[in-house]
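Structure record follows, encoded as structure tokens.
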Amino acid sequence: MKTAALLFLLASAAPALAHPALEKAMPAANASVKAPKLISMQFSERLEPAFSGAALADASGKTVPVSASVGGSTITLIPFNLKPGAYKVSWHGVGRDTHRVSGSFGFKVVP
Amino acid sequence: MLAAARGLYFAAAMLLFGSTAFCAVLRRHLPIILPPPLAALRWSALAVAALAGCLWLAAAAAQMADALNAAVLMQTVTGTLFGQLFLVRMIALAALAGLFATERGGHVTSLPAARLLAAALMAGLALALPAATGHAANSGPPGFLAIGAAVDGAHLLTAGFWIGGLAVLAALFARREPNMLLALSLFSDWAMMAVLLLVMTGAINAASIVLGGRGRISPLYMGALGLKLALVLAMLTLAAVNRFRLLPRLDTGAIARNARLELGLGIIVVLLAGALGQLQPTL
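If you read the sequences in order, they're chains Z and A. Using the working numbering, the first residue of the first sequence is number 45, and each one after it goes up by one. Using the working numbering, the first residue of the second sequence is number 43, and each one after it goes up by one.
Written as structure tokens, this is what we have:
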């Protein structure tokens, strides 16, 4: 299929654009881990820091204070002393091609 | 709206670049041919490029922020690569307008050769700069941005030379240029090089986008791509018929008909590319 797509693309007059995708998260989705010192999300493309970011919420949906930063293709959250329980990371990323993607994943902190 | 604005911008920028670049080639190699009457086309293309460029910015800002207001627009222009390159493109279009304004008798090719080259350079900047925010440039490994953007930019410029050059030929046909065969022969030589580069850069883009993609290829993307390729193949067929069959027979009437059809197909291909650029290649 990809070879056929390659042939189709030959002689095309302008390139196609794709969307950035979340490639790897630490902690991984649905993982049970000891309180992480940082939460990182690695994307498939460089991100625009002005329009990319993430937030952390606890099991009750209450926002948990974090220090967030966006650099290159990574969004990083530094939480402060997470207590045992379930947490949800909601992220949004904008690639340099201006496409916006968003999503969320959960993880559990164990004692 | 984003796809339409993007497609219109590229179509107008290609007409601007190709027409000025091929006029510069004509000036250098065939000074016997008087400047073609292209002022109306160029001012129209300039206005469309400026308007579509602004609409593209607004639509992209709304897409990035999931909202649109003055603050979002300002943040887009100052805080993103796309916005910063938008400013440079608008400056290039303004410089182009300044150069066009100095033309005499409605013919930009009455500009001194240096100014004609400057016009081609400004139009080329406006056409090629969006390549830096394209997927081919940004999906590669760190450090690949410059290479990906250069390949992508060359792809846009060669397509622009082909389409804009056809517009110059159409104007010469309409004027019943007495040295039409010389102009056709010159365009044919340059267009063949441009098309060769177009295919090569397209292949590199393809490798970057499709082979480097994750997951299955989207059927919708493939459908749009198939339609686009069919139109490009039709353009190449018309170009080959003109070059290898009609030109040796000196059949300028049939060549003119085919060239106009080729130009029309080229504009449709670019507009389609505007829509294609908004689709996700893989599922």
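The beta carbon of each residue, even a glycine, is placed where N, CA and C say it ideally should be.
Would you identify the three-state DSSP class for residue i, choosing helix, strand or coil?
i	result
A:L224	helix
Z:I83	strand
Z:A130	strand
Z:I119	strand
Z:F124	coil
A:I259	strand
A:E304	helix
Z:K78	coil
A:M43	coil
A:K270	helix
Z:G137	strand
A:S86	helix
A:L58	helix
A:S230	helix
A:T151	For A:T151, the predicted model reports a pLDDT of 48, less than 50, meaning its position is unreliable; a value from the coordinates is still stated below. In this structure, A:T151 counts as helix in the three-state DSSP scheme.
A:A236	helix
A:L110	coil
A:L93	helix
A:A298	helix
A:L292	coil
Z:A73	coil
Please decide whether residue i counts as near chain Z, where near means a Cβ-Cβ distance under 8 Å.
i	result
A:F128	no
A:G206	no
A:L166	In the sequence on display, residue 166 of chain A carries Gly and not Leu. Cβ-Cβ to chain Z under 8 Å: no for A:G166.
A:T151	In this prediction, A:T151 scores a pLDDT of 48, lower than 50, which makes its location untrustworthy; no coordinate-derived value is stated.
A:A188	no
A:T144	no
A:L141	no
A:L169	no
A:G176	yes
A:M106	yes
A:F124	yes
A:A102	yes
A:G60	no
A:G265	no
A:G306	no
A:G121	yes
Mind checking residue i: buried by the 16 CB within 10 Å criterion, or exposed?
i	result
A:L223	exposed
A:T151	Note that A:T151 scores a pLDDT of 48, beneath 50, so its modelled location is shaky and nothing firm can be said.
A:I309	buried
Z:S96	buried
A:D194	buried
Z:N74	exposed
Z:V154	exposed
Z:S88	buried
A:G148	Residue placement at A:G148 cannot be trusted, given a pLDDT of 49 that sits under 50; the coordinates are not used to answer.
A:D231	exposed
A:F286	exposed
A:M277	buried
A:M56	buried
A:N247	buried
A:E145	buried
Z:G137	buried
Z:A49	With a pLDDT of 41 at Z:A49, under the threshold of 50, the modelled position of that residue is not reliable, and the figure given next carries that caveat. Buried.
A:G268	exposed
Z:V77	exposed
Z:K68	exposed
If you measure from the beta carbon of residue i to each beta carbon in chain D, is any gap under 8 Å?
i	result
Z:T118	Protein chains in the displayed structure are Z and A, and chain D is not among them.
How far does the beta strand (DSSP E) with residue i in it extend, from its first residue to its last?
i	result
Z:V14	Absent from the structure is residue 14 of chain Z, since the part of chain Z shown begins at 45 and ends at 155.
A:L198	Per DSSP, A:L198 belongs to no beta strand (DSSP E); it is in the alpha helix (DSSP H), 187-216.
Z:G97	97-102
Z:L66	66-70
Give a yes or no on whether 8 Å exceeds the smallest Cβ distance from residue i to chain A.
i	result
Z:A112	no
Z:D141	yes
Z:V153	no
Z:A94	yes
Z:V77	no
Z:V138	yes
Along the chain, where does the alpha helix (DSSP H) that runs through residue i open and close?
i	result
A:L167	155-170
A:L135	123-143
Next on the checklist: Within 8 Å, do at least three Cβ pairs link the region 196-209 of chain A to the region 45-64 of chain A?
Outcome noted: yes
Checklist entry - Do three or more CB pairs link the region 117-134 of chain A to the region 66-80 of chain A at distances below 8 Å? => result With a cut-off of 8 Å, the region 66-80 of chain A and the region 117-134 of chain A do not count as touching, because too few Cβ pairs lie within range.
Checklist entry - Can at least three beta-carbon pairs, one atom from the region 79-86 of chain Z and one from the region 107-125 of chain Z, be found at a separation below 8 Å? => result yes
Next on the checklist: Closer than 8 Å is the cut-off here; do at least three beta carbon pairs connect the region 85-94 of chain A with the region 45-53 of chain A?
Outcome noted: yes
Item to check | Meets three-Cβ-pair contact criterion under 8 Å: the region 80-90 of chain A and the region 133-147 of chain A | outcome: Taking a cut-off of 8 Å on C-beta distances, the region 80-90 of chain A touches the region 133-147 of chain A, as three or more cross pairs fall below it.
Item to check | Three CB pairs or more closer than 8 Å across the region 289-301 of chain A and the region 257-277 of chain A | outcome: Short answer: they don't touch.
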